[in-house]
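>
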Amino acid sequence: MAIIKYRKALNQALFEEMTRDPMVLCFGAGIAERGGSYKVTEGLLEQFGSKRVFDTPLSEASFVGMAGGAAIAGVKPVVEILFVDFTLLVMDQLINQIAKYNFMTGGQGKAPMVLRTQGGVGNGLAGQHSQSLEALFYHIPGLKLVMPATPYDAKGLLKASIRDDSPVLFIENKKLYLTEGEVPDGDYIVPLGKADVKRSGSDVTIITYSYMVLECLAAAKVLEEKGISVEVIDLRTLQPLDEESILQSLDKTGRLVVVHEAPVRGGIGGDIISTVLEKAFYSLEAPVKRIGGKNTTIPFNINLEKLCIPSVEDIVDGVMEVMNS
Amino acid sequence: MELDLIKGMFETALTIRRFEEAAIDQYRQGRIYGYLHPYLGEEAIATGVISALRPDDYIVSTHRGHGHAIAKGHDIKLMLAELMGKESGYCHGRGGSMHVANLAQNNLGANGIVGGGIPLATGAGLAVKYKGGDQVVICFFGDGAINQGVFHESINLAAIYKLPVIFVVENNHYAVSTRIQDSTLIPNLSQRADGFGIPGISLDGNDAVVIHEEMVKVVARTRQVQGPTLVECKTYRHGGHHINDPGAYMPEEEMKYWKSKDPVLVLRKRLADEGVAEHELKEIEQRVEAKIEEAVAFAINSPEPSKEAFLAEISVL
């Protein structure tokens with residue numbers, strides 16, 4: 559067991575999977591010699607050579623489509639798009655072509671590729687480099703959607719994604735790359751579609767994922783001092799969604815708060831709450847609460863930016879509101 | 006060129022012609038629905054290009070893709086069944102006319118998005134090259150696709166990585182209803198190859214023999230040195246964009262000119278000129294008619310997909 563950074567955990571996953579399976583290739587803009595903006599692909603070129611690790615021109619739609627075509631024809635590309643904001647350039651290839659391929663061919667063909675990218679606000683990156691766009695992709699059948707919060711999950715989920723038969727959109731968060739956590743030595747995977755209880759509690763359930771897991775755990779500590787026992791469920795994978803874990807926790811606590819960095823409007827939180835209302839209405843002992851980003855383009859100014867995503871205080875306040883109602 | 010090869014090409018082109026006519030007939034009778042984009046008038050391209058390939062070479066097709074699939078040797082019974090949405094179709098009724106695919110014969114599929122298949126074809130080329138194979142990938146698309154971003158991006162990717170992809174633009178002169186001269190200033194679409202530093206050629210897209218002979222050279226070069234080529238085949242639709250488009254924007258004189266170069270008749274005449282007897286040509290025609298009749302009966306009599314199986318299948322997506 560070692561304590562390593564989130565980005566190092568991802569890097570180890572790539573090293574191990576490329577070693578395990580000679581069909582795994584990595585490509586994207588600036589990922590080879592430079593090792594990627596966040597150093598996730600560092601050292602891969604030296605280890606595996608330029609046939610397996612190479613840079614692409616800035617042709618996002620086509621190099622993602624190329625990854626899909628290569629996957630259909632038998633290799634396993636792990637392709638990187640530097641910011642989730644730039645995935646808007648690849649929507650046709652990802653949604654009309656790759657996500658639908660298995661279905662539209664009547665199950666004949668598969669496109670097992672991983673598209674790695676990262677989202678969320680940083681420090682003054684403004685409107686086109688700070689978005690949380692997972693809800694767009696959550697809506698699309700045929701795509702798996704993974705958003706890990708810890709180094710352990712990042713490594714295990716990336717390895718599972720590479721081994722999966724479906725196209726996987728793997729969204730990291732730029733605020734997580736330098737966070738640290740324990741990662742065991744040797745091979746392990748974290749299966750897709752399984753949530754994780756990051757903190758056990760009995761009074762209220764917080765459902766969250768990605769960077770907001772850290773903020774929710776910090777909020778849970780504050781709430782503990784107020785005598786409130788918070789259970790924090792990290793979804794880890796949004797598609798497939800682990801409904802069972804959500805409902806189990808709610809059965810125990812009877813109170814539900816959903817937290818994400820993405821805007822509340824049209825977000826994952828609304829869908830989770832709808833599912834809960836349909837399937838477990840009578841487990842609820844209090845009104846539910848969504849806590850998420852403001853419905854705005856992310857501003858450049860760093861003080862304004864801070865207002866746009868939930869803070870620990872926002873989460874504490876939201877939980878208190880549910881507890882007091 | 007061997008006469009048997011030309012006879013085979015005539016049979017392929019005629020099968021495409023009769024298949025499309027039968028599909029239109031079935032559409033009018035209500036057994037086929039949705040969109041149907043006939044390949045009528047363009048038969049020489051699929052026939053000439055694919056006859057220059059090995060069975061393990063890949064193709065990536067388009068919304069106007071029946072001809073490519075037939076030339077690749079697909080079973081027309083299963084194709085027509087797919088057009089009718091039947092369980093016995095290649096995609097079990099999940100794809101329809103715009104999405105016929107047969108992975109077993111390395112047809113990665115038709116496409117409902119103009120230009121959408123171009124990156125996928127490039128990726129298939131990457132996979133072939135990485136695995137050390139010597140197959141080629143034929144990427145078919147129409148003149149409408151040449152102004153899509155992915156056309157430019159993907160050919161450039163294939164060029165810089167020297168991928169074994171042959172980009173075949175079927176220039177039928179109309180992107181739906183927009184004339185080619187209204188969407189590009191260059192007279193030959195293969196000129197665009199210069200911008201990517203790759204070879205480009207423009208061919209008479211109504212003469213399958215010419216196309217075959219040129220493609221044999223292009224395919225051989227692609228297998229040896231790899232790297233893409235852009236091949237333009239100039240042709241013309243014998244109707245509107247799809248079955249319900251009368252093509253009122255297509256001038257009569259223009260249609261008359263291109264119909265005088267009907268690709269099926271061009272092949273038939275060549276065979277007759279080479280001394281093939283009329284009764285032998287008739288035999289080919291009768292054989293094709295019989296296959297079409299058999300396919301129509303098969304498709305009509307095939308069962309619908311099971312609703313229960315479909316619902317079970319999607320419950321795990």
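Heads up: the sequence lines are chains A and B, in that order. Numbered per my numbering, the first sequence spans residues 559 to 883. Numbered per my numbering, the second sequence spans residues 6 to 322. For every residue, glycine included, the Cβ atom is placed at its ideal position computed from N, Cα and C.
(1) Using a Cβ-Cβ cut-off of 6 angstroms (strictly less than) and excluding sequence neighbours within five positions of Val870/A, which residues of its own chain qualify?
(2) Tell me, please, whether the CB atom of Thr577/A is closer than 7 angstroms to any CB atom in chain B?
(3) Can you check whether the CB of Gly876/A is closer than 7 angstroms to the CB of Asp800/A?
(4) Assuming Thr675/A and Glu618/A are in contact, meaning their beta carbons sit under 8 angstroms apart, how far apart are those beta carbons, in whole angstroms?
(5) In chain B, which residues lie less than 7 angstroms from Pro670/A when you measure between Cβ atoms?
(6) Between Asn654/A and chain B, is the shortest Cβ-Cβ distance under 7 angstroms, so that the two count as touching?
(7) Give the range of the alpha helix (DSSP H) segment to which Asp809/A is assigned.
(8) Under a three-way DSSP split, which group does Cys866/A fall into?
(9) Could you tell me the boundaries of the beta strand (DSSP E) in which Glu789/A lies?
(10) Roughly how many angstroms separate the alpha carbons of Gly138/B and Gln655/A, rounded to a whole number?
(11) So if DSSP puts Lys702/A in a beta bridge, which residue, or which two residues, is it bridged to?
(12) Are the stretch 736-747 of chain A and the stretch 833-849 of chain A in contact at 8 angstroms, needing three or more beta carbon pairs?
(13) Could you give the distance in angstroms between the alpha-carbon of Tyr38/B and the alpha-carbon of Met662/A?
(14) Note the first and the last residue of the continuous beta strand (DSSP E) segment covering Gly850/A.
(15) Could you tell me whether the Cβ of Thr663/A comes closer than 7 angstroms to any Cβ of chain B?
(16) Could you say which of Asp209/B, Val301/B, Arg226/B lies nearest to Ile203/B if we only look at CA atoms?
(17) Does any C-beta atom of chain A lie closer than 7 angstroms to the C-beta of His104/B?
(18) Going by beta-carbon coordinates alone, are Tyr40/B and His71/B separated by less than 7 angstroms?
(19) Is there contact here, the stretch 166-183 of chain B with the stretch 139-151 of chain B, by at least three beta-carbon pairs under 8 angstroms?
(20) Would a C-beta distance cut-off of 7 angstroms place Thr20/B and Ala213/B closer than the cut-off?
(21) Out of Asn152/B, Asp187/B, Ala164/B, Ser182/B, state which residue places its alpha-carbon closest to the alpha-carbon of Val174/B.
(22) Tell me which same chain residues have a C-beta within less than 7 angstroms of the C-beta of Asn731/A, skipping the five on either side of it?
(23) How about Ala669/A and Ile630/A: are their beta carbons less than 7 angstroms apart?
(24) Using a Cβ cut-off of 8 angstroms, which residues of the stretch 614-632 of chain A contact any Cβ in chain B, in chain order?
(25) Do Thr234/B and Gly210/B have their C-beta atoms closer together than 7 angstroms?
(26) Applying the 10 Å Cβ sphere with the 16-neighbour rule, what's the burial state of Leu701/A?
(27) By Cβ distance, which residues of its chain are closer than 6 angstroms to Gly851/A, with the 5 residues on each side in sequence left out?
(28) Pairs of beta-carbons, one from the stretch 680-691 of chain A and one from the stretch 641-655 of chain A, closer than 8 angstroms: are there three or more?
(29) Measure from the alpha carbon of Pro256/B to the alpha carbon of each residue in Asn306/B, Gly245/B, His42/B, then state which is nearest.
(30) So which of Arg228/B, Arg59/B, Arg33/B, Glu16/B has the shortest CA-CA distance to His5/B?
(31) My parser needs the beta strand (DSSP E) runs of 3 or more residues fully inside the stretch 620-706 of chain A; what are they?
(32) Just the C-alpha distance for Arg578/A and Gly586/A, rounded to the nearest angstrom, thanks.
(33) Which full runs of the alpha helix (DSSP H) of 4+ residues lie inside the stretch 117-163 of chain B, going along the chain?
(34) Around the C-beta of Leu862/A, are 16 or more other C-beta atoms found within 10 angstroms, so that it is buried, or is it exposed?
(35) Please classify Arg366/B: does DSSP put it in a helix, a strand, or coil?
(36) Taking C-beta to C-beta, are Arg23/B and Ile206/B nearer than 7 angstroms?
Let's see:
(1) Glu773, Ala776, Ala777
(2) no
(3) no
(4) Not quite, the Cβ-Cβ distance comes to about 10 angstroms (not below 8 angstroms), so this is no contact.
(5) Neighbours of Pro670/A on chain B: none; closest Cβ ~12 angstroms, over 7 angstroms.
(6) yes
(7) 801-811
(8) coil
(9) 788-792
(10) 25 angstroms
(11) Val726/A
(12) no
(13) 17 angstroms
(14) 847-851
(15) yes
(16) Arg226/B
(17) yes
(18) no
(19) yes
(20) no
(21) Asn152/B
(22) Gln676, Gly677, Gly678, Ser768, Tyr769
(23) yes
(24) Thr614, Pro615, Ser617, Ala619, Ser620, Phe621, Val622, Gly623, Met624, Ala625, Gly626, Gly627, Ala628, Ala629, Ile630, Ala631, Gly632
(25) no
(26) buried
(27) Glu819, Ala820, Pro821, Cys866, Ile867
(28) yes
(29) Gly245/B
(30) Residue 5/B is absent from the structure shown; chain B starts at 6 and stops at 322.
(31) 634-638, 672-677, 702-704
(32) 21 angstroms
(33) 122-136
(34) exposed
(35) No information on residue 366/B is available, as it lies outside the stretch 6 to 322 that chain B covers here.
(36) no
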